[in-house]
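Each residue of the sequence shown is one higher than the one before, counting from 1 in this note's numbering.
Idealized CB from N, CA, C, for every residue including glycine.
Just so it is clear, the structure is predicted and the values come from calculations on it, not from any experiment.
Okay, so here's the structure we're looking at.
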Amino acid sequence: MVRKATVKDTNAIGALLNEYDRHEHSLDKTQKVESAAKYKKYAEKFIKGNKKIILVAEEKGKIIGFLDAKILKQKKENVGSIRNLFVKSGYRSGGCGSKLIAEALKWFKKNKVK
Numbered sequence: 001m002v003r004k005a006t007v008k009d010t011n012a013i014g015a016l017l018n019e020y021d022r023h024e025h026s027l028d029k030t031q032k033v034e035s036a037a038k039y040k041k042y043a044e045k046f047i048k049g050n051k052k053i054i055l056v057a058e059e060k061g062k063i064i065g066f067l068d069a070k071i072l073k074q075k076k077e078n079v080g081s082i083r084n085l086f087v088k089s090g091y092r093s094g095g096c097g098s099k100l101i102a103e104a105l106k107w108f109k110k111n112k113v114k
C-alpha cells in the first residue's frame, strides 16, 4: 500500500534515508553518511512544507520504501521533481518503486504539474 506520510512516519523514513546513504557510501566512499536522527528532522520539515510530499510504501504495517517529491515554480509553469526514491533491500523488484512513482505522478497532476 502507498500513502502520504505523516509525522508519525518520520522515524522510519529517517532510518530508510540512513540505509540509502550507507548503500551509496558502499559504492562511493566519498559519499557522506548522515544520521537517521538528522534525516528524521529533514522528513518532519519536508512533510510540513508547502508543495512537497513524502509517500511511503507499507507491507504488513511496516514502511518498506519512500519517495519524496516537490513542485518547483518555473517561469511559465510548475515542474515536478522526485528527489529521493528508496525501497528496502529484500522488497525490491516487486513493483513497490513503480507504485510510489505512479502515486507521485497522480499528486503532480492533481497539483497542476504537467
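Considering residue i, what are the terminal residues of the alpha helix (DSSP H) in which it resides?
i: residue 36; result: 36-48
i: residue 81; result: Not the alpha helix (DSSP H): residue 81 falls in the beta strand (DSSP E), residues 78-87.
i: residue 32; result: Looking at the DSSP string, residue 32 is not in any alpha helix (DSSP H), and its letter there is neither H nor E.
i: residue 109; result: 96-110
Name the one or two DSSP bridge partners that residue i has.
i: residue 72; result: 79
i: residue 56; result: 3, 66
Using only CA atoms, which one of the options lies nearest to residue i?
i: residue 55; options: 112, 94, 87; result: 87
i: residue 113; options: 101, 16, 79, 89; result: 79
i: residue 33; options: 45, 22, 46; result: 22
i: residue 111; options: 77, 98, 84; result: 77
Please report the residue range of the beta strand (DSSP E) in which residue i lies.
i: residue 60; result: That residue, residue 60, is in no beta strand (DSSP E); it is neither H nor E in DSSP.
i: residue 4; result: 2-4
Do residue j and residue i have their beta-carbon atoms positioned less than 8 Å apart in this structure?
i: residue 64; j: residue 96; result: yes
i: residue 37; j: residue 14; result: yes
i: residue 104; j: residue 82; result: yes
i: residue 57; j: residue 100; result: yes
i: residue 20; j: residue 59; result: no
i: residue 10; j: residue 43; result: yes
i: residue 50; j: residue 35; result: no
Given residue i, which residues of its chain have a CB within under 6 Å of its CB, disregarding the five upstream and five downstream residues?
i: residue 16; result: 66, 86
i: residue 93; result: none
Excluding the 5 residues preceding and the 5 following residue i in the sequence, name in chain order all residues of the same chain whose CB lies nearer than 7 Å to its CB.
i: residue 24; result: 31
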